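In mature numbering (1 follows the signal peptide of the UniProt record, and there is no 0), the protein residues as written are -20 to -1, 1 to 391.
For every residue, glycine included, the Cβ atom is placed at its ideal position computed from N, Cα and C.
Bear in mind the structure is a predicted one, so any value in this text is a computation, not a measurement.
Encoded as structure tokens, the structure appears first; notes follow it.
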Amino acid sequence: MIQVLLVTICLAAFPYQGSSIILESGNVNDYEVVYPRKVTPVPRGAVQPKYEDAMQYELKVNGEPVVLHLEKNKGLFSEDYSETHYSPDGREITTYPLVEDHCYYHGRIENDADSTASISACNGLKGHFKLQGEMYLIEPLELSDSEAHAVFKYENVEKEDEAPKMCGVTQNWESYEPIKKAFQLNLTPEQQGFPQRYVELVIVADHRMNTKYKGDSDKIRQWVHQMVNTINEIYIPLNIQFALVGLEIWSNQDLITVTSAANVTLDSFGNWRETDLLRRQSHDNAQLLTAIDFDGDTVGLAYVGSMCLLKHSTGVVQDHSAINLWVAVTMAHELGHNLGMNHDENQCHCGANSCVMADTLSDQPSKLFSDCSKKDYQTFLTVKNPQCILNKPLRTDTVSTPVSGNELWEA
């Protein structure tokens, strides 16, 4: 018999509750302190995994009790997920970590149909959840009491700067690779359901990312995993699963010239992906995560309608915020371009003040696609019919081409 899992988070009042505090997400002006206590459900005689497939948490938000249901994102990694870094003398070192028992979850709030959640349970609870239309963040507090967590609204995090954050794409898919403008799709109810698609994703962290995180590969790894978990959450309504097949960290030096001109960096990254990365690892799309400050207000750039193309199934994203959600939404936006989505115009709506494919990132990052984006995606599937995203990720999808001086390890 399996006991009911219930982790209770008791809300406690502290002298500093409501005052300003510096967290990993930034300077927070108003927050609540919570204490997770966990009861684990284990069938009699069964071996308890480190992270359960399903969990539920009870907590108070603004004095009201809520129940958070979480399920492990089992499609987050391919079965042969790999990590690559480089030794000081430039040797490529690839490992294959065991990621089946990982700590990344999606979820919902009980009795709130519009709620969502993306949570990491790796070291305490960290991530975000949407409750009654408002976005909340949760993360552990670095106090002597290791069980303390902070819960706070996204709007209560002080922004690092007030400059707008924009995508650098200026061309629509139709103008980038022309199709007949008179072509219109009358979508049937069946087509509106969106067929299941799978994107095998590689993320490359450049040398500035390695420097920014002081060479701590664990921090980079957790940052990227949390991002991809959120990207998967965002794409659930479109029935697209992003499986991370590889993380590469340019720990020794950049393998391309990364410049503040996003278009130049994107072109170089696409060339490198075609001539180098694809020769040693099969995947559908690659994104460069960089700590460089792109020119102007640009924080990302990608080719439009390019998924499955050798050079152009790529994007570049600036690691522009200490809030993981904000960077994840940026990468989800650039992936949207790869999947044929254009920037939203005034007539596009998603039920929120801003949508994923808005050309400027909103102060309240949206995880909703507009009606225009959904139609763009359906048009892309119909006209382009990209074949690489049809197959579910399997162990045999990754190839290993021996290269002199390379090392392969399983961990």
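Check                                                                                                                                                       : Outcome
Rounded to the nearest angstrom, what separates P373 and K133 at their Cα positions?                                                                        : 36 Å
Have a look at F57 and K110 and give me their C-alpha separation to the nearest angstrom.                                                                   : 24 Å
Near E193, which residues of its chain fall below 7 Å by C-beta distance, leaving aside the five closest residues on each side in sequence?                 : The sequence given here places Tyr at residue 193; Glu does not occur at that position. Within the same chain, Y193 has close Cβ partners K199, I200.
What does the Cβ neighbour count give for N53, buried or exposed, with the cut at 16 atoms within 10 Å?                                                     : buried
Buried or exposed: N190, going by 16 or more other Cβ atoms within 10 Å of its Cβ?                                                                          : buried
So what's C352 in DSSP terms, helix, strand or just coil?                                                                                                   : helix
For K364, which residues in the same chain have their Cβ closer than 6 Å to its Cβ, ignoring the five residues on either side in sequence?                  : none
Rounded to whole angstroms, what is the Cα-Cα separation between I220 and I73?                                                                              : 31 Å
Whole beta strand (DSSP E) runs in the region 227 to 276 with 3 or more residues, listed along the chain?                                                   : 265 to 270
Is Y134 helix, strand or coil when you go by DSSP?                                                                                                          : helix
Using a Cβ-Cβ cut-off of 8 Å (strictly less than) and excluding sequence neighbours within five positions of I272, which residues of its own chain qualify? : D186, R188, V238, T239, S240, T245, Q298
Considering only the beta carbon of each residue, do E314 and G280 sit closer than 7 Å?                                                                     : yes
Taking the Cβ atom as the reference point for each residue, do G285 and G316 lie within a distance shorter than 7 Å?                                        : no
To the nearest angstrom, how far is it from the Cα of G104 to the Cα of Y31?                                                                                : 12 Å
Taking L48 and A97 to be in contact with their CB atoms under 8 Å, please state how far apart those CB atoms are, rounded to whole angstroms.               : 6 Å
Would you please state the rounded distance, in angstroms, between the beta carbons of V182 and A308? I believe it to be under 8 Å.                         : The Cβ separation is near 16 Å, so there is no contact.
In or out: residue 411 buried (at least 16 other Cβ within 10 Å) or exposed?                                                                                : The structure shown has nothing for residue 411, since the chain only spans -20 to 391.
Assuming G331 is part of the alpha helix (DSSP H), what are its boundary residues?                                                                          : From DSSP, G331 is part of no alpha helix (DSSP H); its letter is neither H nor E.
Report the rounded CA-to-CA distance for L224 versus S262, giving the unit in angstroms.                                                                    : 12 Å
Within this structure, are the beta carbons of V179 and F222 separated by less than 7 Å?                                                                    : yes
Between the beta-carbon of N232 and the beta-carbon of Y84, is there less than 7 Å?                                                                         : no
Taking T278 and A242 to be in contact with their CB atoms under 8 Å, please state how far apart those CB atoms are, rounded to whole angstroms.             : 5 Å
If I follow the unbroken beta strand (DSSP E) through Y84, where does it start and stop?                                                                    : 84 to 89
Once the 5 residues before and after F174 are set aside, which same chain residues still bring their CB inside 6 Å of it?                                   : L218, N219
Less than 7 Å between the C-beta atoms of residue 397 and E4, yes or no?                                                                                    : No statement about residue 397 is possible, as the shown extent of the chain runs from -20 to 391 and does not include it.
Work out the CA separation of K354 and residue 425 for me, nearest whole Å.                                                                                 : As displayed, the chain neither begins before -20 nor continues past 391, which places residue 425 out of reach and without an answer.
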